[in-house]
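Residue numbers (my numbering), protein chains in the order written: chain A, 78 to 498; chain B, 78 to 498.
Positions of the beta carbon are idealized from the N, C-alpha and C atoms, including for glycine.
2 protein chains.
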Amino acid sequence: MIDHTHDIALKSWVESANGHPDFPIQNLPLGIFSAGDTPRPGVAIGDLILDLTAAKALFDLVPEGQTLNAFMALGKGPRQALRLRLVEILREGSPHRAVVETCLHKASDCILHLPFHIGDYTDFYVGIHHAQNVGALFRPDNPLLPNYRHLPIGYHGRASSVVASGVDVRRPHGQTKAPDSDTPVFGPSRRLDYELELGVWIGPGNDLGQPVDIYAAADQVAGFCLLNDWSARDIQAWEYQPLGPFLAKNFASTVSSWVITPEALMPFRVAQAAREADDPPPMPYLWSENDQAEGGLNLELEVSLLTAQMRAQGLPPHKLAQSNSRHMYWTVAQMIAHHTVGGCNLRPGDLLGTGTLSGPEAGMHGSLLEASHGGKVPVVLPTGETRTFLQDGDKVILRARGMRDGFASIGFGECRGKVVG
Amino acid sequence: MIDHTHDIALKSWVESANGHPDFPIQNLPLGIFSAGDTPRPGVAIGDLILDLTAAKALFDLVPEGQTLNAFMALGKGPRQALRLRLVEILREGSPHRAVVETCLHKASDCILHLPFHIGDYTDFYVGIHHAQNVGALFRPDNPLLPNYRHLPIGYHGRASSVVASGVDVRRPHGQTKAPDSDTPVFGPSRRLDYELELGVWIGPGNDLGQPVDIYAAADQVAGFCLLNDWSARDIQAWEYQPLGPFLAKNFASTVSSWVITPEALMPFRVAQAAREADDPPPMPYLWSENDQAEGGLNLELEVSLLTAQMRAQGLPPHKLAQSNSRHMYWTVAQMIAHHTVGGCNLRPGDLLGTGTLSGPEAGMHGSLLEASHGGKVPVVLPTGETRTFLQDGDKVILRARGMRDGFASIGFGECRGKVVG
C-alpha cells in the first residue's frame, strides 16, 4: 500500500537525502555497518548512516546485534513501525533533529557488512530471456526445457562464500575440458563471468513440513538486494552433469549491503507480465490474483565494468548492459511458494537469488556469456580493450533503481567486486 | 595411528560397554543429548551417556554449549586429548569411577539432537555402483558420464532440513509428470526413496580463497555419521534439468546423532580400492600417497525397513541391503580437496555426504530405485507386502559398523526415520 512515506514532497533535514538517487527519505534501507568498531545496525539516509543502537531511545524496537536476522524474523509489523518512526525523526521540521544528529556517520567513513547470517542460499532461474539465451547456446532448436513454464527452476547454492559488496573475488582454479580434447586440464578459469540478479532476504521463515501458501508468501520477504552470482563457465561445462553447478559457482557470490524493504519498493510493484497468453497457467499453489496483479517489480538494473586500464586512465565504469526486473517469468511469491511446497523450511536470513535477469535485446544481457555469444563475439570497451570473459583487475558493478513519475527514485547502492588472480 | 585406545583387551567399568556392538570403550562418540532439560555434549559408552558438562572438572577441555561446532573447530588436538582422558576415566580400575558414575544417564532416558549447527550441506556422488546403476536406468549404453572418473561430482544440498535420527519425515507434495503425459500434475510423491550414505562432519574449515591441500584434508574431518538423503524420484525426474535436484531432496535429510571420530575408525582405514587399473590417474590436487594407501574406509553398511504391518505383527526390521564404504570411488580427503580447490570455504559443522553407497551385486543396493530396478521389480517383505518405493508408516533404519579381527566392533548407532503422510 502506498502511503505518506512515499510522498515525493517529503523532505529530510539531512540535506544530501533530498534528491539522492539511491537513499532519499522514501527509501530508508537497513544494513550492518561499522566505523572502525563493532558492526551494528544502521539506516542509509543520503550520504549518511543513522546508528540505530545510538538512537535506540527514540524507537519502540530497533534491530540489535551484528545481523538483522532476529529483527527480520519478527515479520513486517516491526519493520513497518520502524519505517514510520524513521520518517518522523528524519523529516524536515522534526523535533528530534538535535538528538538524531549525534547518531549519524558519514557513509564514506564506514564499512558495510553482510546484513544477515545466511543459513541457506538458493538460486532460481526465473529470468526467461537468460534461460532462452543460454539454452540456445546449447540447444539451438529447443532453448527452454519443458519444465520451465510449469515451475520456477532453482537449485541450492553455497551460503559460506556469499560476501558483501567490495570484497575481492579470487579467480577460481579447477578442472576444465576443451571440446576437442579427451582429457581435462587443471588451471585458472578462463571463462569467468558475472550474473546480474536480484536477491531476496527471508524474514520469518516457516517450519519444516509446513509449506508457505502463495497468499502468505509476500509476507516472508524481509527485503531485496543485488546479487552477482560469479560463474566460471568452463568449470561449469565440465562438472555440471548430472547434478548441476558446483565449483563453478561456489567460490564467491556478492550481495549489495543495504536491505531495500518491501515498503520502499511499493511504488514499483507491477503486474506479472512475462507470461504469454498461450503459456500454461500456473498450478493453484503458484497462483493468486493479488500476486498476478502486483507481484512483479519494475526496477531498472544495470551492470558496469571498470578495468585496470580504465582506472589508470581515470575513466568511469562502462555500462555493459541495462535490464529490468520485469523480465522475471516467476514472481518472488511464486519462488517462495514453490521452494516450500514440498515442506522445505526457510529460515530468517536465507537468501534467494532470481537468476540472471537479462532483457530480450542486445545491450540487455545480464552475463558476458550472453553478451559475447558464448565467447565468440568480444565486447569492445572505451579503451579499445575487448572482453569475452573477465580479466584480473576487472571490477564489476551492479545497480538497481526504481523510477516512476511522481515518486522519488529508490536505489540499491552498489554491488561491486574486483577479480583478483 | 592405532594406539592403546584401540586395544581389544581394553574394558570399561561400565559393564554394558564391554562387547557392546556399537559403543565399547574403543568408540567414545560425541553427541548432543538432553534428559528433559537443556541439550548438552555427551559421550556414548555402552547403554549410557556421559554428561561432559557434569564431568568437566576431570578434563582440561570439553565441548560446551548446545552444539559441537566450537570444540571441533579446534581440530584434532583437543579431540584426541579428550579421547585419551575418556579412556583413563572409563577403563576398568579407574580411580575416577565414583565421580564419573554421578555423571551418567541411561541412553534410553535421553533424546539425541543434531550434533552441529550446519552451515552448509554438500552431497557427493562417489558411490560408483550407485552412479552406474542409476545411470544405466537413464542411459543403458553409457551409464557413467565422462567426468565421473576425473572429479568427485557433488552438489549443494539444503542445510535447514537436515534432521536428527528419529524425526518423522513428511512425504513431500510436488509436481510430477508421467512419461506418457504432456503436462505435470500436483500431489504427494509416489516414488519416495531412501539413500544409504555416510556423512562427514567438518572440523576447522578453511578461509575463502584458500584451498585445502590433499595432504591436509584428513585433518579437516571432525567425524562421521550415517546420512539418509531421502529422495522423491518422481519430483526429481521432472525438475532436475538443467540445474540438478531441488525439491526432490530438500524436504528432509536424516543424520545419525553420534559423531564417530576419525580416531575410533583408525583400525578400519584401508587402501583406496575402487579405482581400476585403466582408470585415469587422479590429478595432482587429488592425489597423495598416504591417502591412496589408507584413505579408504572398511565399514559394513546396512539398510532395514520396518513397515506399519510388521510393527503390528511384532516383527523386527527387515534387512533390505548390505553394502560397504569401500565402494567409494573418491576418498573423503579427495572430496574435501576438490570442494575447496576453487577457493570455496568450509566451516566448522559443515556436512558432506558421500552419495549413495551401493555394492556391485543384488542385495547391496543403497536405494529402492536400484533395488526395484527403477520401480519395475517389487521387493518382497516377510509379511508378503511388496515395495517399489516407500509407503506411509515405513520406518527406514541405516546402520554402519567397523569390524576387523583383533579389534572391537565400532558402530554408528541408528539413523532412522519414519515416513508420514
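CB of B/Y406 within 9 Å of CB of B/I291, strictly: Not a contact, by the Cβ cut-off of 9 Å.
Amino acids of chain B, ordered along the chain, whose beta-carbon sits closer than 7 Å to that of A/W315: N224
Local conformation of B/M441 per DSSP, three classes: coil
Beta-bridge partners of B/I195, as assigned by DSSP: Bridge partners of B/I195: none, in fact.
Chain-ordered residues of the segment 481 to 495 of chain B with a beta carbon less than 8 Å from chain A: none
Cut-off 8 Å between Cβ atoms - residues of its own chain near B/S111, not counting five sequence neighbours on either side: R117, C187, I188 and H190
B/P394 beta carbon near the ligand FMN (any heavy atom closer than 8 Å): Absent from the structure shown: the ligand FMN. Ligands present: none.
Length of the line joining the Cα atoms of B/S171 and B/V91: The straight-line gap from Cα to Cα measures roughly 11 Å.
Stretch-stretch touch, CB-based, cutoff 8 Å, three pairs: the segment 289 to 309 of chain A with the segment 159 to 167 of chain A: no
Residues that B/H227 contacts on chain A, provided the C-beta gap is smaller than 9 Å: Q252, K254, T260, P261 and W315
Buried versus exposed call for B/A147 [16 or more other C-beta atoms within 10 Å across all chains shown]: exposed
Local Cβ density within 10 Å of B/E438, reported as buried at 16 or more and exposed below that: The residue is exposed, with fewer than 16 neighbouring Cβ atoms inside 10 Å.
Residues bridged to A/C302 [DSSP beta-bridge criterion]: A/G276
Pair within 9 Å by beta-carbon distance, B/L87 and B/R174: no
Extent of the continuous beta strand (DSSP E) run through B/T331: S330 to V332
Under 9 Å from the C-beta of B/G234: neighbouring residues of chain A: H233
For B/T260, the nearest candidate out of A/Q143, A/P357 and A/A325 (CA to CA): A/P357
Test: B/F328 CB closer than 9 Å to a CB of chain A: Yes, because at least one Cβ of chain A sits closer than 9 Å to the Cβ of B/F328.
Per DSSP, cross-strand counterpart(s) of A/I126: A/A121 and A/H182
Nearest neighbour of A/L181, chosen from A/F193, A/G119 and A/I230 [CA to CA]: A/G119
Min CB distance B/N422 to chain A below 9 Å: yes
Test item: CB-CB of B/G498 and B/D469 under 9 Å: yes
The alpha helix (DSSP H) enclosing B/I413, as first and last residue numbers: V409 to T417
Alpha carbon of A/M360 to alpha carbon of A/Q386, nearest angstrom: 51 Å
C-alpha distance - B/P425 paired with B/L376, whole-angstrom precision: B/P425 and B/L376: Cα-Cα distance of roughly 24 Å.
Buried versus exposed, by CB contacts within 10 Å (16 or more), B/S571: Residue 571 of chain B falls outside the range modelled here, since chain B spans only 78 to 498, and no answer is possible.
Span of the alpha helix (DSSP H) around A/L163: K153 to L167
Where A/E43 falls: helix, strand or coil (DSSP): Shown here, chain A extends from 78 to 498; a query on residue 43 of chain A therefore has no answer.
Collapsed DSSP secondary structure at B/F215 in the structure displayed: helix
Beta-carbon contacts of B/G264 that lie in its chain and below 7 Å, excluding the five residues immediately before and after: H250
Euclidean distance between Cα positions of B/V177 and B/P155: Rounded to whole angstroms, B/V177 to B/P155 spans 20 Å at the Cα level.
Selected residue, minimal CA-CA separation from A/S237, among B/N283, B/R267, B/D218 and B/S242: Among B/N283, B/R267, B/D218 and B/S242, the Cα nearest to that of A/S237 is on B/N283.
Cβ distance (whole Å) where B/G483 is taken to contact B/I85 below 8 Å: 6 Å
Beta-bridge pairing of B/P265 - partner residues as DSSP gives them: B/H250
Near-chain A residues of the segment 346 to 366 of chain B - C-beta to any C-beta below 9 Å: P357, M360, P361 and Y362
Per-residue DSSP class, three states only, for A/R403: helix
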